[in-house]
Structure formats: structure tokens, C-alpha cells
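Working notes for the structure below.
Numbering (my numbering), first residue to last: 4 to 1123.
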């Protein structure tokens, strides 16, 4: 397709100069050739030709085949210059090459009449109203030396009135079957009060090509393709190559040699590039836009194609983040290798899930290729971070063999809950009858299942291997090397105080003691020696009060505390390494968030956001135009924008199926056509022309031959036993009237005058319907091609010879009952989605009414393919969201055994979905299948941000504030790490060439991730602290019968230096003791200033250390 628009908006294009430029563009593009399979392919070989007639004379048939014109819908057909686009030519002795620019069909038939019998061909041309074809039309430039003398303005040399000539449309070489209406040729038209055309702002030419099947059939067995193994696949490749080259040349021409889009493949062409570049002047006032169906296919293919660079880049960013965020200065606590292995494991799980989807035959679409890889990776990495953080915070004293089991016991429920929620929700969303949504939901559920299996079955083994590395004091990532830092921290189980009591006002004591380790040469064991005394350290200040301080804090937090009175030289971590997300959540974020005034502010802000989102939801419009998908600034976008503005026409078909009797359902078929034609969006047929359907053409053809028969019968040229002297049409009617449809007695001569082919009601005689269909298809190829009936099964071929009156020639084979046929229509004025929906609903209603009459029919075409989804999109969207929320509630309630918590989770998820929908309205994002997929996925993504916090709240004791703070401390780091890693993966989408991907995927998914982070770590903890359920765990303390009378400590044991005069009411106090094992400082280590106190020597207490119950032994690492 070619569209020409003025560079200056509003300028009139109905001038000879503008049409002359359009001719140059169309002529240059029509001469495109491509070389494939060792053959040259041009427009004349691959264009669609409307019904080439079969002629008995072989020479005339070959000449007609070469000359038969391509179907080109162009405003140039109103003028003689339209013939220049037809590339066929033929040769006759004694004449110059015959081309459409000099062909007068009437004159040619007169010249050939003495040499061949062309009466049938002459009647065919007369019925098609070919006349003088192009040579009888005015010339745009009458000064052209080739302008034929038969042109109306040849002698006057006056330029034609372009608006007047184009008024009412143009015709191809056949006035009867090739009428191009104004709406097909002109855009932005303006008329005077009387309705006369005055001006237009756009011109359009459309080149029709054969389908791959038609091209294959046309050249099958031809001498040109016998040596290349001609196939339908090769025919499709030829058509695609020519269309790409057509668009490329046209755009270069329209832009004066501007560089083509990367979507187009460079193909060899015999067309001179200089000709293409100089077809339009650089300073031309017009611009050309070109497009083809292959270009659209290329765009959709590129849009749906997986970008390996973006996927790899996103995954590398996640790898880097996972590694960096889990690295620690202390090699024994670092988990960088775990992060790398976890991301790679999830990547492999995603790949295996997508591969399984391909094996199951689930179709991939844009949502699959652009969203699912990053969505699945984000969900899987969240679980990886959760398990890794939980593994490092195992309860003190847990044996190494039980660490993995303890980790799964604490976090396996969260991982299983989120994964099962995802799978159930996505499987239930697949019930919605939107193909794209159904495919995405099934694929997402399968990929999440693969992620779940990998995380629960394989990743714990990775954690166990990393634990073995740490136990052996190996470097992180580079595990083949030993760790240069052997400092280890051991957290000892809570102990009862020995003798003595605690000071008044101290409810919790933390004793920090210095211990030294050395390796015994004889036993090859590490011996840990404790000093004889320790200092009581008061608890640090707690922003939320004493209820938030517990002995369950992480060892890193305790080690990070600065002791104002510490003056011994110890090996410590750098200050910059003390900060971590868990400590931030406990000491700063939770105390600030859980204050009363902070809660009120959070509720007010989220309420305001919800209110704004509800308003934004009213701004969301349905629709997804191709201009939204195609990258802006490209030639494809310019063409689609011009087409949408000036030529909002869509060719559709009303398809009738099998399962009913066409012959006896003619009235219902005519009624169906009438109802469809009365739709507001259907372009009406001009009153001077018959409707462009096979049934009307068929009936009118029968009426024509019936009239010829009646005239020949009345004049005596046709008798009961002979039709040789009659006309061609009269002879056809004669043969048809004889048919009985009975295999035993197929002919009945008595019916010649007692029956009519068409009755008074305009219905074809049912017994002659399929016999007459065979005759019409063979005798009126132009009418058949114009009707675009596309019959299946196709009627048999039959060759008419009026001079052959033998029985075999009189017996006409009947066509098989039709199983497929179609009526073509043009839809106009479809600009907004509401216009498409109205047209689709009207078409469906017409088909439903026809169905009540027994006719099985349905509409077909791009509007019904791309816009059908909007009929029930919002209804299905709400249904999918409701199903997801209900499934999430049931799964959470069953696994958590707490409907109260499940209700709060679903409330937060519903708010997230509403807010995301409202933000889409403010961003101008339209609702289509792809945003619906993301909105559905938002529920699954939101589960990752909420369930972990809710489960942490349920499994903690204390007040609601305390439990909310503990939940934040446990989940803040993994949830934040998961969100950041997801954002890093999405970051690669920002570099896409498609603006649609940036707006509809990157922006929306980024907003979704931020909303999930805010709702999971801000709103949900506040709601839990206000409305949260009671805890589901009870803390058990081991009671000792000796507490009332504690025994005296043994010699060499650890004694608490407490004054005996303290009140006895504090005799039973549970404390936690942190023992730090410090080797001699390494070179370059960060050393606290030494104190003036005398250092304690391990030699002085070597005897006591042997009996100490706090000494530890372990295998000594090999040295040397």
C-alpha cells in the first residue's frame, strides 16, 4: 500500500502535480524485482489478477494471460496514466508491442476477428463493460507524447478537473466488476453543500498480491519453476521478499534516500537505487508512506521475539546484585556464591518451564516473551533470598547436620505458600476465554511450578554445600582457597544465672566475654579458653521500649554494638560493614513506622492513593492500536498514523459454513446480507451497482442468460433440439434448462419453456442451484473473482462449446454442496475501540438472527481478530481478578490455618491491583489483553511481598507492635533484595526499540514492583499492628529445679562478679551470652586502641580451661 500526504497539513492533493508525484511513486514501486531461487520475480508475476478467462484459441489465451492486468486500487485509474502501472505486454506481427497504454480492446478484437473466433471473449468483455479500457480516459498531462488520441482531452490539451474525475470513485479496466469507491482512494475529503468533491488531503494506492497458495498453483508445472522444486513455502518466501523490497524502495523514494528500517531485509533488486532515490525530489511538497502485510508480520514477529540481549543482561544484573548483596567482610558469614548459584538455578528452572510449555504446545505471545522471563525470575529469586537469609539466622546451638532442615522448617511454609498461591491462581485465571491471557496463565503456572521444585529440592543442597565451605573456613566464591580471617562468632544458648543476683532495674543482661583459641600440637584440636571473669554490659537503648529487645537478635547486631568502656585491643569488622537491612529494619524503620502518628499518616496516604487510583481507573480506555505497538519515528508508524487518520477502512467477510442447504436457504442468505449491509459501519454499495456478493452476481448472471435465451427462442435462433444459432448466453441457458438433477434421466427437453432459472421472488431454482454454480464459475471468471466467494469445495471446471450438442457436452457436473463461502464488505469510520465494538456486536447480532433461520455464519477479518477481545475484556478481567483473589484467600487460609490473616493479605492485594489500574489511567495506558495479563500477574507478585511478612507476624510472640517489628526484621532484607533484583531485571526492558514495551511492560511492571514493596513493608505491617490476629506460637522455657537454690560454681567455672547485696526478687533471670573468639590480629586489621588494663594471659588459666564447660574443641585445619 502507498499513501501520499502533503508535508504541509491541510494542503489539497487533488491536483495534476500531486497525482503526477503519486504516479512516480507507484510506478517506481511497481517495477520492483527480487531475485530468488535463480529467478526474477516482478509485480506482474505475483499480483492478483481478477479471473483470467479460458479461451480455446491457444495463441489468444497466451496473449490474454500476458496482458491481463493486475488488480491495483489507485486514483490513477481515473486517468490514462493508470495504465502505466500495468506491466503486461504482448506481441503480434505487424504491430508494436501491445501494452495497456496503447491497448484498445474493441479495436484489437476487430483486427483479430477474421483470424479467430472470439465471439465468446467479446461477450465476456461486453458483460464486464471493458470498453476502450484506459485509452478512453483523460490524461493527467495531455502534453505527454504518449497520450492516446482517444483520450477526451488529447486535442484540447487542457488538464482535467481532478476532483470532478475522482468524484464517485474510479474503475479498473472493468467498469462492472472493478469499481474503486472514493473512500478507498481519498482521505480527508471536503465537499460543497451539494455533496460535490472539492478537495482531499491524502491519496492511497493498493497493490493486491496472490496468496502463497494461489502463487504456488499458478506456477505449478510451469517451465519457469520446474527446476527449483517449487513449493508453497517457496511461494510464500517470494511474496514476503517482494513486499519487503516494495516497502523499502517506496520509503527511500518518499524520503529521498533515507535509511530504511532494520526490520527490512536487504535483498538484491534490479531496480536502480538511484532511480528510487530520485523518484521524488528532495524538496517535494508531498511525502510517501508504504506498508504491506509482510511489514506488519515483521513488526509483530519482532515484538513477540525474545530479546536474548535483554534477557541475558537482566539476568547478569540479577547475578551481580545477588552476589554483592550477600557478600560479607567476614568470610564465614559471606554467601556470595549462594546468590550466584541461586540466580543461575532459577534461570535454569525458568528455561525448563518454558521448554515444557513448548512441548505441551502452548502458544508463545508477546506477554510470554517480554514479561514471563523477568516475572518468573523475580518470583524465584525472592524465594532464594528468603531461604538464604533464614539459613544465616538459624537458632543458636543448632547442629550443622540440622541447619538445612531447620531453615526449611522456618521458611519452607512461606515458599510453599507463595508458590502454591501462584500456581493455583494462574491455573484458575486460565479459565478466562481470552487466548493471550489463557496462554500466559498456563505458562506462568508451569514456570512457577518448576521454580518451586528447584528452590525446594536443589537450593537446600546448595546451602548445605556453602555451610560445609564455611565450616572448613574457605573463601566465598573462591572456595578452593582458605579464609585469611579465622574469627568465628558462637552464640551460646540462654543460661540461668549462677549464684548472685542482678542489679535493680536491669531486666536483661548480656555478658560479653573475651575468649582466646589456640591449636594444640598434640591433639590437633582447637581449644577455646574463657577468662575467669566477665563484665556485665547493659542493654542498648531501644527506640520502641524494652519489649522490642530480645535475645534472639542476630550475632552481627550484637557484635556491632560499640562499648563505651571497651579498651582492650580486639579484632573487629570495619564500621562500614556493620550496617545491614535487618539491623536497619529493627533499629530505625520499625520503630519509626510503628509509632501511633506514623500509622495514622500511612493509613491516610494509602487511603488517598486508593482514592486517586479509583479516579484514575475511570480514565482507562479500551484499545490497542497498531500505532501504539510500532516504534515511534519509524516509517511504519508514519504509515499507520496516516492510515488511521485518513483511511480507516477494513475489509471483512461474512463467512457461511456448511451444515445447511444453500439451495433452499437463499432467502435467508439474502436477508443475512441485507442485515449486515444495514450496519452503521458498513460502507454502502453505490445505488448504480449490484451488491458485491457471489449470490447476487450468480443470480444476475442467470437472469442475463435467461433473457438471452428468451430472446433467441422468440427469434427462432434456438429451438427444442439445437442452440447452435443462438448467442453464447442463450446456449448456456439452453443447456442449463435441460438439467433435471437425476442421474438416471439427466436431461428433459420439455423444461425449456416451462421453467425459469430464477423465479419471480428472485430465487434460483433449487434443483438447478449446484449445476448452475458449476456453469457460472466456468463462464464468468471476472464475476467470480470480483465476488471473492472463495468456495469450498471448489466447483468442477467445465468448458462450454455451443456447437457441441452431444449428450456428454449437455451433461453438466453439479458442484458439491458448499461448506464454505463468503460475502465481502468494507467497514468504515472505525477510529476508536468503541466503534469497533459496536461494529462487532452488530455483526454478531446479524449472524445470530441468521442462525435462527438455519444459516450458519460468522464475520471474519482483522477487526474481528484484533478487537473481538474488547467485547468482554473488562468482564473477563474482573472475573480473573476475583478468581485469583478467592484462590489466594483459600490457599492462605488453608496453609496458614488463619482466615483472619488471609483476609488482610487479600485486602492488600486488591488495593495493589486497583492502584495499579488507576495509575495506568494517569499514564495513558489503554486496556488490552497485555495490560490485563500484567494486572492478573500483579496478584501473584503481590503475594511475594505480603505472605512472608504475615507469616513472620503469626510466628512471633508478644504484642502486635512487637510482632510486627520482628516480622519486619526477619523479612525486610529478603523482600527488599527480591524487589531490587526484579527491578534490575526489568531495567533491560527500558532499552527496547519498541515504545510499547517501555510503556506497557517496563513502566507498568516497575510501578507494580514499587507498589508491592510499599504495601508489603509499609501498609501490611501497620494493618497487622492494628488488626492483626493473635500469635500461633507459644514460647516454652526450660525450668530448672535448682533455680531457687543455685549451686555454687565449680572451680575454674565462669563466675558472675555481682554484689551479694542485691534484691533476691531478680534471682531468676534468663540471659544470653555472646562469646567472641578472636585470634591474634592479622596484618592490616582494624584494631581498637589498647587500654591501660593488664591483658589477660591464656597461660595463667590453662589449668582451669580444661574443666570449663564452655571450652570448645574442633578439628584443626591443616597448616603449613
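The C-beta atom is built at its ideal place from N, Cα and C for all residues, glycine as well.
In this structure, residue 444 lies near residue 432, with their beta-carbon atoms less than 7 Å apart. In terms of Cβ geometry, residue 357 and residue 461 do not form a close pair [threshold 7 Å]. Taking each of 835, 44 and 680 in turn and checking the Cα distance to residue 238, the smallest one comes out for 44. Shown here for residue 915: same chain residues with a beta carbon closer than 7 Å to its own, the five before and five after excluded, namely 941, 945, 1014, 1015 and 1018 in chain order.
Residue 597 is a Cβ neighbour of residue 964, given a cutoff of 7 Å. Residue environment for residue 895: buried (at least 16 other C-beta atoms within 10 angstroms of its C-beta). Between the alpha carbons of residue 647 and residue 4 lies a gap of roughly 13 Å. One alpha carbon belongs to residue 28, the other to residue 206, and they sit about 12 Å apart. Exposed is the label assigned to residue 599, since fewer than 16 other Cβ atoms lie within 10 Å of its Cβ. Annotation for residue 7: the continuous beta strand (DSSP E) segment containing it runs 5-9. Residue state for residue 932 is assigned as helix, using DSSP reduced to three classes. With distances taken between CA atoms, residue 1024 lies nearest to 948 out of 948, 1006 and 981. Just so you know, the alpha carbons of residue 731 and residue 14 end up roughly 52 Å apart. Per the C-alpha coordinates, the member of 640, 871 and 698 positioned closest to residue 767 is 698. Straight through space, the alpha carbons of residue 956 and residue 966 are spaced by roughly 5 Å. One thing to note: residue 107 has its Cβ within 7 Å of the Cβ of residue 138. Exposed is the label assigned to residue 757, since fewer than 16 other Cβ atoms lie within 10 Å of its Cβ. DSSP places residue 605 in the uninterrupted alpha helix (DSSP H) bounded by 599-620. The beta carbon of residue 360 lies closer than 6 Å to those of 446 and 449 in the same chain, with the five residues before and after it left out.
Between residue 839 and residue 801, the gap from beta carbon to beta carbon reaches 7 Å or more. Counting along the chain, the unbroken beta strand (DSSP E) around residue 654 starts and ends at 653-660.
Counting the other Cβ atoms within 10 Å of the Cβ of residue 220 gives fewer than 16, which makes it exposed.
Contiguous alpha helix (DSSP H) elements confined to the stretch 882-950 occur at 902-926, taking only those with 4 or more residues. In the structure shown, residue 366 adopts coil according to DSSP, grouped into three states. Look at the stretch 735-817 and you find these whole runs of alpha helix (DSSP H), each 4 residues long or longer: 772-782, 784-790 and 810-813.
Burial state of residue 21 is buried, judged by a 10 Å Cβ sphere holding 16 or more other Cβ atoms.
In the structure shown, residue 209 falls within a strand segment according to DSSP collapsed to helix, strand and coil.
Taking residue 126 as the centre and dropping the five residues before and after it, the same chain places the C-beta of 730, 731 and 732 closer than 8 Å to its C-beta, in chain order.
Per DSSP, reduced to three states, the secondary structure at residue 627 is coil, with no helix or strand assignment. The shortest C-alpha to C-alpha distance from residue 328 to any of 71, 384, 350 and 146 is the one to 384. For residue 864, the uninterrupted beta strand (DSSP E) segment begins and ends at 860-864. Three or more beta-carbon pairs separated by less than 8 Å are not found between the stretch 899-911 and the stretch 982-994, which leaves the two stretches without contact.
For residue 687, no beta strand (DSSP E) encloses it, and the DSSP letter there is neither H nor E. In the pairwise beta carbon analysis, the stretch 654-670 is classified as not touching the stretch 216-235: fewer than three pairs are separated by under 8 Å.
Residue 1027 and residue 442 have their C-alpha atoms roughly 36 Å apart. Judged by pairs of C-beta atoms under 8 Å, the stretch 920-938 touches the stretch 872-887, as three or more such pairs exist.
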